[in-house]
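Participant: In this text, residue positions in the sequence shown follow the working numbering: the first is 1, and each later residue adds one. Got a structure for you, questions after.
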Amino acid sequence: MQARYLPRKLELDALVRTLVDEHRVMKDGLRIARDSARTGDYETASTALKRVDPVFRQHIADEEATVLGLLIRSLGVKGAEAEILVFRQHRPIYELMQKVAKLAELPPTELEKSQADLESLFEEHTLAEEEAVFPKALSLRSGRPRSA
Numbered sequence: 001m002q003a004r005y006l007p008r009k010l011e012l013d014a015l016v017r018t019l020v021d022e023h024r025v026m027k028d029g030l031r032i033a034r035d036s037a038r039t040g041d042y043e044t045a046s047t048a049l050k051r052v053d054p055v056f057r058q059h060i061a062d063e064e065a066t067v068l069g070l071l072i073r074s075l076g077v078k079g080a081e082a083e084i085l086v087f088r089q090h091r092p093i094y095e096l097m098q099k100v101a102k103l104a105e106l107p108p109t110e111l112e113k114s115q116a117d118l119e120s121l122f123e124e125h126t127l128a129e130e131e132a133v134f135p136k137a138l139s140l141r142s143g144r145p146r147s148a
């Protein structure tokens with residue numbers, strides 16, 4: 001049975017700081033998994049991904065319930081369309097994480113490509129959140145709408 005992740009009860013400023021910190025934690029885990037897999041240490045790679053998994057699940061629960069919820073309540077679905085697209089990347093990122101986690105079953109070339117795709121998508125995703133989504137949510141909370 002999978003754990004159910006509920007949004008944390010944090011003020012928006014504290015939540016955004018936590019989410020940005022978690023981006024770093026998850027990137028570090030993905031880097032460790034990549035580097036370990038390249039040297040054939042699949043156990044360490046798998047362990048690194050297993051550590052990222054609950055962080056990512058909690059992270060998604062917080063972002064979608066709190067940050068996206070605020071954006072949609074404040075701007076409407078149409079007004080938050082760009083941010084919704086960013087959050088739609090959560091599923092493909094998670095699916096790639098699951099694929100890479102099955103390290104022993106993948107041929108080395110497929111593993112390398114999957115890891116590269118995962119890191120690229122994750123980097124693009126976190127950059128969009130940190131440079132556009134989070135600042136917009138913070139400005140709405142403070143009552144100072146920010147243009148895209």
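Virtual Cβ for every residue (Gly too), placed ideally from N, Cα, C.
With C-beta atoms as the reference, is A89 less than 8 Å away from H125?
Facilitator: One-based indexing of the sequence shown puts residue 89 at position 89. One-based indexing of the sequence shown puts residue 125 at position 125. According to the sequence as given, residue 89 is Gln; it is not Ala. Yes, these two residues count as a Cβ contact at 8 Å.
Participant: Cβ atoms of I32 and A48: under 8 Å apart, would you say?
Facilitator: Here residue 48 refers to the residue found at position 48 of the sequence shown. Here residue 32 refers to the residue found at position 32 of the sequence shown. Yes; because the gap between Cβ atoms is below 8 Å, this pair is in contact.
Participant: Under the three-state reduction of DSSP, which class applies to K136: helix, strand or coil?
Facilitator: Sequence index remark: in the sequence shown, residue 136 carries index 136 (1-based). Helix.
Participant: Leaving out five residues before and five after L12 in sequence, what residues of the same chain have Cβ atoms less than 6 Å from its Cβ?
Facilitator: Locating residue 12 in the sequence shown gives position 12, where the first residue counts as 1. Correct list, in chain order: R141.
Participant: Do L68 and F56 have their C-beta atoms closer together than 8 Å?
Facilitator: Taking the first residue of the sequence shown as position 1, residue 68 is located at position 68. Taking the first residue of the sequence shown as position 1, residue 56 is located at position 56. No, they are not a contact pair.
Participant: Near P7, which residues of its chain fall below 7 Å by C-beta distance, leaving aside the five closest residues on each side in sequence?
Facilitator: Your numbering for residue 7 matches position 7 in the sequence shown. A61, D62, A65, T66.
Participant: Can you list, in chain order, the residues of its chain with a C-beta nearer than 7 Å to that of I72? Leave out the 5 residues immediately preceding and following it.
Facilitator: Here residue 72 corresponds to residue number 72 of the sequence shown, with the count starting at 1. Correct list, in chain order: A80.
Participant: In the DSSP assignment, the alpha helix (DSSP H) including K99 goes from what residue to what residue?
Facilitator: As a first step, residue 99 must be located in the sequence shown, where it is residue number 99. Per DSSP, K99 belongs to the alpha helix (DSSP H) from 90-101.
Participant: For P92 and E129, I'd like the C-alpha separation in whole angstroms.
Facilitator: Residue 92 sits at position 92 when you count from the first residue of the sequence shown. Residue 129 sits at position 129 when you count from the first residue of the sequence shown. So the two alpha carbons sit approximately 16 Å from each other.
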